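Just so you know, we're using my numbering here: the sequence shown kicks off at 69 and counts up by one. Heads up: the structure comes next, in C-alpha coordinates.
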Amino acid sequence: MIRLGITKEYKIPNDFRTPFTPEQSRRINNSQDFNIVCEKSELRCYNNKEYLENNIQLVDDLNECDIIFGIKEVPIEKLISRKTYFMFSHTIKEQEQNRNLLKKIIEKKIRLIDYECLTYKNQRIIAFGKYAGIAGAYNTIIAYGIKNNLFNLKRLNQYKDTEDLYNFTSSFNIKAPIKILIIGDGRVARGAVELLEAFNIKRVSNDDYKVKNFISPVYCQLSVKDYVRKKDHKDFKQEEYFNFPEEFESNYDQFSSKTDILINAAYWDPKSPKLFEEDDLNKSFRAKIIGDISCDIDGAIPCTKIASTIAEPFFDYCISSKKIDKPFSKVENITIMSIDNLPSELPRDSSRYFGEILIQRILPLFKNDEDGIIEGATITKDGILTENYKYLKNYIS
(Lines of atoms letter the chains of each structure in order from A; the text may use other names.)
(Lines give C-alpha, C1' and ligand atoms only; values in the text may rest on other atoms or scores of the structure.)
Protein backbone atom coordinates (compact mmCIF):
# COMPACT_ATOMS: atom_id res chain seq x y z
CA MET A 69 0.00 0.00 0.00
CA ILE A 70 1.30 3.43 -0.98
CA ARG A 71 1.31 5.98 1.86
CA LEU A 72 0.14 9.43 0.80
CA GLY A 73 0.36 12.68 2.74
CA ILE A 74 -1.33 16.09 2.42
CA THR A 75 1.17 18.76 3.40
CA LYS A 76 0.38 21.94 5.23
CA GLU A 77 0.69 25.02 3.00
CA TYR A 78 3.49 27.22 4.30
CA LYS A 79 3.88 29.87 1.63
CA ILE A 80 3.15 33.51 2.42
CA PRO A 81 0.72 34.96 1.38
CA ASN A 82 -1.32 32.08 2.75
CA ASP A 83 -2.89 29.61 0.36
CA PHE A 84 -6.02 27.93 1.70
CA ARG A 85 -6.41 25.17 -0.88
CA THR A 86 -5.80 21.46 -0.45
CA PRO A 87 -5.06 18.78 -3.05
CA PHE A 88 -7.70 16.48 -1.51
CA THR A 89 -10.84 17.37 0.41
CA PRO A 90 -11.82 15.36 3.50
CA GLU A 91 -14.48 13.45 1.56
CA GLN A 92 -12.03 12.67 -1.26
CA SER A 93 -9.44 11.53 1.27
CA ARG A 94 -11.97 9.13 2.80
CA ARG A 95 -12.67 7.67 -0.64
CA ILE A 96 -8.94 7.21 -1.21
CA ASN A 97 -8.61 5.34 2.08
CA ASN A 98 -11.52 3.10 1.13
CA SER A 99 -9.49 1.81 -1.80
CA GLN A 100 -7.02 -1.04 -1.46
CA ASP A 101 -4.08 0.82 -2.98
CA PHE A 102 -3.50 3.93 -0.86
CA ASN A 103 -3.58 5.22 2.67
CA ILE A 104 -3.65 8.99 3.12
CA VAL A 105 -2.91 11.14 6.18
CA CYS A 106 -3.13 14.90 6.60
CA GLU A 107 -0.68 17.29 8.21
CA LYS A 108 -2.45 19.55 10.71
CA SER A 109 -3.23 23.07 9.52
CA GLU A 110 -5.17 25.96 11.00
CA LEU A 111 -5.44 27.74 7.65
CA ARG A 112 -6.69 25.08 5.23
CA CYS A 113 -10.16 25.77 3.77
CA TYR A 114 -11.29 22.41 5.15
CA ASN A 115 -10.46 22.40 8.85
CA ASN A 116 -8.85 19.64 10.90
CA LYS A 117 -12.21 18.60 12.34
CA GLU A 118 -13.61 17.92 8.86
CA TYR A 119 -10.76 15.51 8.14
CA LEU A 120 -11.24 13.77 11.47
CA GLU A 121 -14.96 13.42 10.77
CA ASN A 122 -13.99 11.52 7.62
CA ASN A 123 -11.64 9.25 9.59
CA ILE A 124 -8.48 10.83 8.19
CA GLN A 125 -5.52 10.67 10.56
CA LEU A 126 -4.04 14.07 11.43
CA VAL A 127 -0.26 14.13 11.88
CA ASP A 128 2.43 16.59 12.90
CA ASP A 129 4.79 15.58 10.09
CA LEU A 130 4.83 13.45 6.94
CA ASN A 131 8.01 11.48 7.56
CA GLU A 132 6.19 8.16 7.19
CA CYS A 133 4.67 9.00 3.80
CA ASP A 134 5.92 7.82 0.42
CA ILE A 135 4.28 10.55 -1.68
CA ILE A 136 3.50 14.06 -0.46
CA PHE A 137 0.87 16.21 -2.15
CA GLY A 138 0.75 19.99 -1.76
CA ILE A 139 -0.27 23.01 -3.77
CA LYS A 140 2.42 25.69 -3.60
CA GLU A 141 6.16 25.30 -3.18
CA VAL A 142 7.31 23.59 0.02
CA PRO A 143 9.83 25.70 1.99
CA ILE A 144 13.39 24.45 1.72
CA GLU A 145 13.65 23.74 5.44
CA LYS A 146 10.51 21.58 5.34
CA LEU A 147 11.63 19.27 2.52
CA ILE A 148 12.04 15.62 3.52
CA SER A 149 14.85 13.70 1.82
CA ARG A 150 14.12 10.92 -0.67
CA LYS A 151 10.36 11.51 -0.80
CA THR A 152 8.18 12.05 -3.86
CA TYR A 153 6.55 15.47 -3.95
CA PHE A 154 3.69 16.74 -6.09
CA MET A 155 3.50 20.54 -6.21
CA PHE A 156 3.43 23.58 -8.44
CA SER A 157 7.18 24.17 -8.15
CA HIS A 158 7.35 27.22 -10.44
CA THR A 159 10.78 26.20 -11.70
CA ILE A 160 10.27 25.11 -15.32
CA LYS A 161 10.47 28.70 -16.60
CA GLU A 162 13.67 29.16 -14.55
CA GLN A 163 11.91 31.41 -12.06
CA GLU A 164 14.64 33.14 -10.10
CA GLN A 165 12.85 32.97 -6.75
CA ASN A 166 12.85 29.15 -6.80
CA ARG A 167 16.40 28.47 -7.95
CA ASN A 168 17.53 27.46 -4.45
CA LEU A 169 14.43 25.33 -3.95
CA LEU A 170 15.28 23.20 -6.98
CA LYS A 171 18.91 22.97 -5.87
CA LYS A 172 17.83 21.67 -2.46
CA ILE A 173 15.37 19.20 -4.00
CA ILE A 174 18.23 17.70 -6.00
CA GLU A 175 20.54 17.70 -3.00
CA LYS A 176 17.94 15.82 -0.93
CA LYS A 177 17.38 13.31 -3.76
CA ILE A 178 13.68 14.16 -3.88
CA ARG A 179 11.53 13.06 -6.79
CA LEU A 180 9.74 16.23 -7.89
CA ILE A 181 6.59 15.89 -9.97
CA ASP A 182 5.11 19.18 -11.13
CA TYR A 183 1.35 19.37 -11.70
CA GLU A 184 1.94 21.82 -14.54
CA CYS A 185 3.88 19.16 -16.44
CA LEU A 186 1.28 16.38 -16.20
CA THR A 187 0.16 16.24 -19.82
CA TYR A 188 -1.59 13.91 -22.23
CA LYS A 189 -1.32 14.54 -25.97
CA ASN A 190 0.30 17.91 -25.21
CA GLN A 191 -2.65 19.03 -23.07
CA ARG A 192 -2.36 19.73 -19.36
CA ILE A 193 -4.31 17.21 -17.33
CA ILE A 194 -4.68 19.15 -14.13
CA ALA A 195 -4.95 22.81 -13.25
CA PHE A 196 -6.93 25.31 -11.22
CA GLY A 197 -7.34 27.41 -14.36
CA LYS A 198 -11.13 27.70 -14.39
CA TYR A 199 -11.18 29.12 -10.87
CA ALA A 200 -8.31 31.49 -11.59
CA GLY A 201 -10.41 32.80 -14.46
CA ILE A 202 -13.54 33.22 -12.35
CA ALA A 203 -11.73 34.93 -9.48
CA GLY A 204 -9.57 37.09 -11.74
CA ALA A 205 -12.48 38.35 -13.80
CA TYR A 206 -14.53 39.08 -10.67
CA ASN A 207 -11.70 41.07 -9.09
CA THR A 208 -11.27 42.98 -12.35
CA ILE A 209 -14.94 43.97 -12.25
CA ILE A 210 -14.44 45.09 -8.63
CA ALA A 211 -11.59 47.34 -9.79
CA TYR A 212 -13.73 48.87 -12.54
CA GLY A 213 -16.51 49.69 -10.07
CA ILE A 214 -14.15 51.35 -7.60
CA LYS A 215 -12.14 53.34 -10.17
CA ASN A 216 -15.29 54.77 -11.74
CA ASN A 217 -17.21 55.26 -8.47
CA LEU A 218 -20.01 53.04 -9.77
CA PHE A 219 -20.18 50.18 -7.26
CA ASN A 220 -18.18 48.43 -4.57
CA LEU A 221 -18.68 44.68 -4.73
CA LYS A 222 -18.01 42.23 -1.92
CA ARG A 223 -14.74 40.31 -1.97
CA LEU A 224 -14.91 36.64 -2.91
CA ASN A 225 -14.20 35.41 0.61
CA GLN A 226 -17.60 36.82 1.60
CA TYR A 227 -19.36 34.25 -0.59
CA LYS A 228 -19.70 30.65 0.54
CA ASP A 229 -18.87 29.24 -2.89
CA THR A 230 -19.45 29.87 -6.60
CA GLU A 231 -23.13 28.98 -6.30
CA ASP A 232 -23.53 31.75 -3.75
CA LEU A 233 -21.51 34.10 -5.97
CA TYR A 234 -23.66 33.41 -9.02
CA ASN A 235 -26.85 33.91 -7.06
CA PHE A 236 -25.60 37.47 -6.57
CA THR A 237 -24.26 38.16 -10.07
CA SER A 238 -27.44 36.97 -11.78
CA SER A 239 -29.38 39.83 -10.21
CA PHE A 240 -26.70 42.55 -10.38
CA ASN A 241 -26.76 44.79 -13.42
CA ILE A 242 -23.65 46.57 -14.65
CA LYS A 243 -25.21 49.49 -16.50
CA ALA A 244 -22.12 51.08 -18.05
CA PRO A 245 -21.70 50.48 -21.82
CA ILE A 246 -18.19 49.06 -21.41
CA LYS A 247 -16.21 46.83 -23.75
CA ILE A 248 -14.29 43.98 -22.13
CA LEU A 249 -11.63 42.03 -24.01
CA ILE A 250 -10.53 38.55 -22.92
CA ILE A 251 -7.19 37.34 -24.24
CA GLY A 252 -6.96 33.54 -24.48
CA ASP A 253 -9.21 30.55 -25.04
CA GLY A 254 -7.98 27.97 -22.52
CA ARG A 255 -9.31 26.94 -19.12
CA VAL A 256 -8.47 30.25 -17.47
CA ALA A 257 -10.22 32.22 -20.19
CA ARG A 258 -13.25 29.93 -20.02
CA GLY A 259 -13.50 30.68 -16.31
CA ALA A 260 -13.39 34.41 -17.03
CA VAL A 261 -16.11 34.00 -19.67
CA GLU A 262 -18.25 32.06 -17.19
CA LEU A 263 -18.00 34.91 -14.69
CA LEU A 264 -18.83 37.64 -17.22
CA GLU A 265 -21.84 35.70 -18.46
CA ALA A 266 -22.94 35.20 -14.84
CA PHE A 267 -23.12 39.02 -14.77
CA ASN A 268 -25.32 38.81 -17.91
CA ILE A 269 -22.65 40.46 -20.03
CA LYS A 270 -23.21 39.59 -23.68
CA ARG A 271 -20.62 38.25 -26.10
CA VAL A 272 -20.02 39.99 -29.43
CA SER A 273 -17.91 39.11 -32.46
CA ASN A 274 -14.45 40.49 -33.08
CA ASP A 275 -15.72 42.64 -35.95
CA ASP A 276 -18.68 44.07 -34.04
CA TYR A 277 -16.43 44.78 -31.06
CA LYS A 278 -14.11 46.87 -33.20
CA VAL A 279 -16.71 48.94 -35.07
CA LYS A 280 -19.94 49.09 -33.06
CA ASN A 281 -21.03 50.95 -29.96
CA PHE A 282 -23.32 49.32 -27.42
CA ILE A 283 -25.75 50.51 -24.74
CA SER A 284 -24.86 47.73 -22.28
CA PRO A 285 -21.67 45.87 -21.31
CA VAL A 286 -20.25 43.43 -23.88
CA TYR A 287 -17.20 41.22 -24.09
CA CYS A 288 -15.15 39.74 -26.89
CA GLN A 289 -12.78 36.79 -26.61
CA LEU A 290 -9.60 36.45 -28.68
CA SER A 291 -7.64 33.33 -29.50
CA VAL A 292 -3.96 33.65 -30.34
CA LYS A 293 -4.56 34.03 -34.09
CA ASP A 294 -6.59 37.16 -33.35
CA TYR A 295 -3.87 39.10 -31.54
CA VAL A 296 -0.63 37.71 -33.01
CA ARG A 297 0.63 37.68 -36.60
CA LYS A 298 3.74 36.56 -38.43
CA LYS A 299 6.38 39.25 -38.81
CA ASP A 300 6.51 38.50 -42.56
CA HIS A 301 2.67 38.74 -42.68
CA LYS A 302 2.27 35.23 -44.06
CA ASP A 303 -0.68 33.08 -42.98
CA PHE A 304 -0.90 32.33 -39.27
CA LYS A 305 -0.30 28.70 -38.31
CA GLN A 306 -0.73 27.88 -34.63
CA GLU A 307 1.85 25.09 -34.66
CA GLU A 308 4.43 27.51 -36.05
CA TYR A 309 3.63 30.01 -33.34
CA PHE A 310 4.14 27.52 -30.53
CA ASN A 311 7.36 26.19 -32.07
CA PHE A 312 8.85 29.51 -33.24
CA PRO A 313 7.18 32.30 -31.23
CA GLU A 314 10.06 34.68 -31.94
CA GLU A 315 8.92 34.85 -35.58
CA PHE A 316 5.65 36.53 -34.56
CA GLU A 317 4.55 39.97 -33.39
CA SER A 318 1.55 41.39 -31.59
CA ASN A 319 -1.48 42.50 -33.55
CA TYR A 320 -3.28 43.91 -30.51
CA ASP A 321 -3.25 47.52 -31.70
CA GLN A 322 -6.50 46.94 -33.64
CA PHE A 323 -8.26 46.47 -30.27
CA SER A 324 -6.34 48.90 -28.05
CA SER A 325 -8.51 51.95 -28.74
CA LYS A 326 -11.75 49.98 -28.33
CA THR A 327 -11.19 48.31 -24.96
CA ASP A 328 -12.23 49.59 -21.54
CA ILE A 329 -11.27 46.49 -19.55
CA LEU A 330 -8.54 44.09 -20.64
CA ILE A 331 -8.44 40.60 -19.12
CA ASN A 332 -5.31 38.60 -19.93
CA ALA A 333 -5.92 34.87 -19.53
CA ALA A 334 -3.48 33.46 -22.08
CA TYR A 335 -0.38 31.34 -21.61
CA TRP A 336 2.76 33.31 -22.40
CA ASP A 337 6.21 32.07 -23.32
CA PRO A 338 9.17 34.44 -22.74
CA LYS A 339 10.05 34.03 -26.43
CA SER A 340 6.58 35.20 -27.45
CA PRO A 341 5.78 38.83 -28.27
CA LYS A 342 4.31 41.03 -25.57
CA LEU A 343 0.70 42.02 -26.14
CA PHE A 344 1.87 45.63 -26.29
CA GLU A 345 4.90 47.69 -25.29
CA GLU A 346 5.01 50.28 -22.53
CA ASP A 347 5.55 53.03 -25.09
CA ASP A 348 2.27 52.06 -26.76
CA LEU A 349 0.38 53.29 -23.71
CA ASN A 350 0.94 56.90 -24.72
CA LYS A 351 -0.88 56.40 -28.01
CA SER A 352 -4.45 55.20 -28.48
CA PHE A 353 -4.48 52.74 -25.58
CA ARG A 354 -7.86 53.07 -23.88
CA ALA A 355 -8.10 50.45 -21.12
CA LYS A 356 -7.71 51.86 -17.62
CA ILE A 357 -8.39 48.51 -15.97
CA ILE A 358 -6.29 45.40 -16.65
CA GLY A 359 -6.89 42.03 -15.06
CA ASP A 360 -3.66 40.13 -15.66
CA ILE A 361 -4.77 36.68 -14.55
CA SER A 362 -1.74 35.04 -16.18
CA CYS A 363 0.54 37.32 -14.12
CA ASP A 364 3.87 36.97 -15.91
CA ILE A 365 5.99 39.74 -14.45
CA ASP A 366 6.99 42.11 -17.27
CA GLY A 367 5.52 39.52 -19.63
CA ALA A 368 2.65 39.75 -22.09
CA ILE A 369 1.39 42.72 -20.07
CA PRO A 370 4.58 44.78 -19.60
CA CYS A 371 3.07 47.04 -16.94
CA THR A 372 2.56 44.05 -14.64
CA LYS A 373 5.61 44.91 -12.56
CA ILE A 374 4.61 42.93 -9.47
CA ALA A 375 2.21 40.22 -8.42
CA SER A 376 -0.54 41.67 -6.28
CA THR A 377 -2.04 39.77 -3.36
CA ILE A 378 -5.48 38.74 -2.15
CA ALA A 379 -5.05 41.24 0.71
CA GLU A 380 -3.95 44.02 -1.68
CA PRO A 381 -5.33 42.98 -5.08
CA PHE A 382 -4.71 46.17 -7.06
CA PHE A 383 -1.98 48.62 -7.92
CA ASP A 384 -1.73 51.51 -10.37
CA TYR A 385 0.72 51.88 -13.22
CA CYS A 386 1.72 55.43 -14.07
CA ILE A 387 2.05 55.75 -17.84
CA SER A 388 4.38 58.76 -17.78
CA SER A 389 6.87 57.47 -15.19
CA LYS A 390 6.45 53.76 -16.06
CA LYS A 391 6.37 53.04 -12.35
CA ILE A 392 3.80 51.55 -10.01
CA ASP A 393 1.62 53.75 -7.83
CA LYS A 394 -1.01 53.34 -5.13
CA PRO A 395 -4.25 51.83 -6.45
CA PHE A 396 -6.89 54.28 -7.71
CA SER A 397 -4.56 57.20 -6.97
CA LYS A 398 -4.92 59.00 -10.31
CA VAL A 399 -7.63 58.73 -12.92
CA GLU A 400 -5.08 58.66 -15.76
CA ASN A 401 -3.23 55.66 -14.27
CA ILE A 402 -3.94 52.09 -15.34
CA THR A 403 -5.24 50.00 -12.44
CA ILE A 404 -3.96 46.43 -12.53
CA MET A 405 -5.08 43.23 -10.82
CA SER A 406 -2.31 40.61 -10.88
CA ILE A 407 -2.98 38.22 -7.99
CA ASP A 408 -0.85 35.12 -8.58
CA ASN A 409 -2.84 32.69 -6.41
CA LEU A 410 -6.36 33.51 -7.57
CA PRO A 411 -7.88 30.04 -7.09
CA SER A 412 -7.21 30.42 -3.38
CA GLU A 413 -10.04 32.96 -3.32
CA LEU A 414 -12.42 30.09 -4.11
CA PRO A 415 -10.57 27.45 -2.10
CA ARG A 416 -13.32 24.91 -1.43
CA ASP A 417 -14.59 24.87 -5.01
CA SER A 418 -11.15 24.74 -6.58
CA SER A 419 -9.92 22.08 -4.14
CA ARG A 420 -12.87 19.80 -4.93
CA TYR A 421 -12.27 20.23 -8.64
CA PHE A 422 -8.52 19.65 -8.36
CA GLY A 423 -8.78 16.62 -6.10
CA GLU A 424 -11.31 14.93 -8.35
CA ILE A 425 -8.93 15.14 -11.30
CA LEU A 426 -6.12 13.75 -9.14
CA ILE A 427 -8.28 10.80 -8.11
CA GLN A 428 -9.64 10.06 -11.57
CA ARG A 429 -6.59 10.75 -13.73
CA ILE A 430 -3.39 10.68 -11.67
CA LEU A 431 -3.62 8.15 -8.83
CA PRO A 432 -4.42 5.28 -11.23
CA LEU A 433 -1.12 5.97 -13.01
CA PHE A 434 0.78 4.52 -10.05
CA LYS A 435 -0.55 1.14 -11.15
CA ASN A 436 -0.42 1.63 -14.92
CA ASP A 437 1.26 4.56 -16.66
CA GLU A 438 1.77 3.20 -20.15
CA ASP A 439 1.82 6.71 -21.62
CA GLY A 440 4.63 7.83 -19.30
CA ILE A 441 2.60 10.73 -17.90
CA ILE A 442 4.23 10.63 -14.45
CA GLU A 443 7.69 10.20 -15.93
CA GLY A 444 7.12 13.18 -18.24
CA ALA A 445 6.24 15.40 -15.29
CA THR A 446 9.16 14.24 -13.13
CA ILE A 447 11.69 17.08 -13.00
CA THR A 448 14.19 15.50 -10.60
CA LYS A 449 14.89 11.95 -9.48
CA ASP A 450 17.73 10.34 -7.52
CA GLY A 451 19.62 13.60 -7.22
CA ILE A 452 19.65 14.62 -10.89
CA LEU A 453 17.51 16.44 -13.43
CA THR A 454 15.58 14.03 -15.64
CA GLU A 455 16.11 14.04 -19.40
CA ASN A 456 13.22 16.39 -20.27
CA TYR A 457 14.49 18.98 -17.81
CA LYS A 458 18.23 18.94 -18.46
CA TYR A 459 17.79 22.46 -19.84
CA LEU A 460 17.51 23.64 -16.21
CA LYS A 461 21.15 22.71 -15.54
CA ASN A 462 22.47 26.23 -16.04
CA TYR A 463 19.60 27.65 -14.01
CA ILE A 464 20.75 25.79 -10.90
CA SER A 465 24.50 25.91 -11.50
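Quick reminder that beta carbons are idealized off the backbone N, C-alpha and C, glycines included. Just so we're clear, the structure is a prediction, and the values are computed from it rather than from any experiment.
Contact annotation: residue 251 and residue 224 have beta-carbon atoms that are not nearer than 8 Å. Here residue 107 is buried, its C-beta having at least 16 other C-beta atoms within 10 Å. Rounded to the nearest angstrom, the gap between the Cα atoms of residue 428 and residue 197 is 18 Å. The continuous beta strand (DSSP E) containing residue 73 extends over residues 70-74.
Fully enclosed alpha helix (DSSP H) runs of no fewer than 4 residues occupy 90-97, 116-121 of the segment 82-139, in order along the chain.
Looking from the CA of residue 90, the closest CA among 112, 79, 81, 78 belongs to 112.
CA-to-CA, the gap between residue 318 and residue 248 works out to about 19 Å.
The closest CA to that of residue 370, considering only 381, 376, 395, 341, is found on 341.
Taking the C-beta atoms as reference points, residue 97 is found no nearer than 8 Å to residue 405.
Boundaries of the alpha helix (DSSP H) harbouring residue 230: 230-237, taken from the DSSP string. The three-state secondary structure of residue 292, taken from DSSP, is helix. About 6 Å separates the Cβ atoms of residue 396 and residue 215, confirming a contact at the 8 Å cut-off. Positions of the beta strand (DSSP E) runs, each at least 3 residues long and wholly inside the segment 354-435, are given as 357-360, 382-386, 391-393, 402-405 in order along the chain. Residue environment for residue 279: exposed (fewer than 16 other C-beta atoms within 10 angstroms of its C-beta). In terms of Cβ geometry, residue 255 and residue 201 form a close pair [threshold 8 Å]. Rounded to the nearest whole angstrom, the CA to CA distance from residue 359 to residue 194 is 23 Å. Fewer than three Cβ pairs drawn from the segment 296-316 and the segment 268-276 lie within less than 8 Å of each other, which leaves the two stretches out of contact. Here the alpha carbon of residue 368 sits roughly 28 Å from the alpha carbon of residue 171.
Residue range 316-318 is occupied by the beta strand (DSSP E) that includes residue 316. By the Cβ-count criterion, residue 329 is buried, with 16 or more other Cβ atoms from all chains shown falling within 10 Å of its own Cβ. Membership of residue 198 in the alpha helix (DSSP H) is indicated by the continuous run 197-215. Straight across, the Cα-Cα distance linking residue 115 with residue 121 is about 10 Å. DSSP places residue 442 inside the alpha helix (DSSP H), whose first and last residues are 441-445. Of 463, 418, 385, the smallest CA-CA separation from residue 356 is found for 385.
Counting C-beta pairs closer than 8 Å gives fewer than three between the segment 228-237 and the segment 373-387, which falls short of the contact rule.
Residue environment: residue 418 is assigned as buried (16 or more neighbouring CB atoms within 10 Å of its CB, all protein chains considered).
With 16 or more other Cβ atoms from the protein chains shown falling within 10 Å of its own Cβ, residue 155 counts as buried. Secondary structure of residue 169 (DSSP, three-state): helix. For residue 332, the enclosing beta strand (DSSP E) stretches over residues 329-332.
Rounded to the nearest whole angstrom, the CA to CA distance from residue 142 to residue 240 is 40 Å.
The continuous alpha helix (DSSP H) containing residue 309 extends over residues 306-311. For the 8 Å CB-CB criterion, residue 149 and residue 178 form a contact. For residue 140, the number of other beta carbons within 10 angstroms of its own is at least 16, and it is reported as buried.
In this structure, DSSP gives residue 452 an extended state, which the three-state scheme calls strand.
When the alpha-carbon of residue 159 is set against those of 333, 268, 185, the nearest one is in 185.
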